[in-house]
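Peer 1: Quick one: this structure, given as C-alpha cells, is what I'll be asking you about.
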Amino acid sequence: LPSVAFGRLEYLGLVHARGGGGSPVDVVLGSPRLLLCGVGWVAAALSLAWATRREHVPTLFLVYLAANLVYSMRGRQVPLVDVFLLSSGYVIRVLLGCALVEAPASNWLLLCTSTLALFLALAKRRADLALGLDERHRPSLSGYSAAFVDQAMVAMLAASLMAYALYCIAGGVLTRLPPG
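For the sequence shown, position 138 matches number 1008 in the numbering used here, and the numbering has no gaps at all.
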C-alpha cells in the first residue's frame, strides 16, 4: 500500500511539475523511481498470476498488460483503436475472472461484455466531445464527430440489449435458475 501511494503521489507531482502536460508514458519513463515502482508492481502481479496455478491466468495478465501498454504508448492517439483497446480491457478482465474461478466464459457473456464495453468507451469519447475537448487534449478526438459517436453508441447499446435478451430466452438458461 505505501508503494501504491508513493507511485500515485510521485506521478501527480511529476505531472504538476510539467504543467499538467505530457503523456503518462513520458512521465513514468522520465522518473526512474516511478518506473522502478511500476516494474515492481508488474512483477508482483505476474508472480501472483503464476501462483494461482490456474490455466491461462498468466497469459491473460500479459495480454492485458500488453493492451494497456499499446494504449498508453500510441493506441490512445488513434481514432477507434483507442475505443477498441479500452473496451478490450473489460473483456480481458472478464476472461481473467472466469479463468480464476475455473468457469468457462460463455459466448453470451463475451458478447454482452464486449458490446457494453464498446458502448462505455464510446460514451467516454462522447463526454470528451460534450466538454468541448479537442485533439490537443486527446489526439484521437480528431477522428470523432458527435453524430458518429451518437450513432455508434446507439448501435452498441442496441446490440448489447439484444444480446442480453437473446441470452435470457436461450434454451437452458431458465432451467438453470434455482426454484422459487
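Glycine is no exception: its CB is placed at the ideal position from the N, C-alpha and C atoms.
Being a predicted model, the structure only gives us computed values, none of them experimental.
1. Evaluate the contact criterion for the region 983-991 versus the region 1007-1021: three or more CB pairs, one atom per stretch, below 8 angstroms.
2. Sorted by chain position, which residues of the same chain lie with C-beta nearer than 6 angstroms to Gly1013's C-beta, five sequence neighbours on each side aside?
3. Within 10 angstroms of its Cβ, does Ser976 collect 16 or more other Cβ (buried), or is it exposed?
4. For Thr983 versus Ala1033, is the C-beta distance shorter than 7 angstroms?
5. Please check the pair Arg1008 and Asp998, which I expect to be a contact at CB under 8 angstroms, by giving their CB distance rounded to whole angstroms.
6. How long is the line joining the alpha carbons of Val912 and Phe954, rounded to whole angstroms?
7. Assign Asp1004 to one of two classes, buried (16 or more other C-beta atoms within 10 Å of its C-beta) or exposed (fewer than that).
8. Measuring only the C-alpha atoms, how far is Ser957 from Arg903?
9. Look up Gly900 in the DSSP assignment and say whether it is helix, strand or coil.
10. Buried or exposed for Ser917, please, with buried defined as at least 16 other CB atoms from any protein chain shown within 10 angstroms of its CB.
11. Under three-state DSSP, which class holds Ala973?
12. Counting C-beta neighbours from all protein chains within 10 Å, is the total for Ile1039 16 or more, i.e. buried, or is it exposed?
13. Is it true that the CB of Ser1030 sits closer than 7 angstroms to the CB of Asp952?
Peer 2: Taking the geometry as given:
1. no
2. Position 143 of the sequence shown, counting from 1, holds the residue named residue 1013. If we look at Gly1013 and ignore the five residues flanking it on each side, its Cβ neighbours are Pro949.
3. Here residue 976 corresponds to residue number 106 of the sequence shown, with the count starting at 1. Per the 10 Å Cβ criterion, exposed.
4. The count along the sequence shown starts at 1 and reaches residue 983 at position 113. The count along the sequence shown starts at 1 and reaches residue 1033 at position 163. No. Outside cutoff.
5. To locate residue 1008, count along the sequence shown from 1; it is residue 138. To locate residue 998, count along the sequence shown from 1; it is residue 128. Sure, about 6 angstroms apart at Cβ, within 8 angstroms.
6. Numbered from its first residue, the sequence shown carries residue 912 at position 42. Numbered from its first residue, the sequence shown carries residue 954 at position 84. Near 23 angstroms, if we compare the C-alpha coordinates of Phe954 and Val912.
7. Reading the sequence shown from its first residue, position 134 is the one you call residue 1004. Looking at its Cβ environment, which holds fewer than 16 other Cβ atoms inside 10 Å, Asp1004 is exposed.
8. Taking the sequence shown and counting its residues from 1, the one referred to as residue 957 is at position 87. Taking the sequence shown and counting its residues from 1, the one referred to as residue 903 is at position 33. Spanning the two alpha carbons is a distance of roughly 30 angstroms.
9. Looking up residue 900 in the sequence shown gives position 30. Gly900: coil per DSSP, three-state reduction.
10. What you label residue 917 is simply residue 47 of the sequence shown in a count that begins at 1. Its Cβ having fewer than 16 others within 10 Å, Ser917 is exposed.
11. As a working mapping, residue 973 is identified with position 103 in the sequence shown. Ala973 falls in the coil class under three-state DSSP.
12. What you label residue 1039 is simply residue 169 of the sequence shown in a count that begins at 1. So Ile1039 ends up on the exposed side.
13. Numbered from 1 along the sequence shown, position 82 holds the residue referred to as residue 952. Numbered from 1 along the sequence shown, position 160 holds the residue referred to as residue 1030. No; because the gap between Cβ atoms is not below 7 angstroms, this pair is not in contact.
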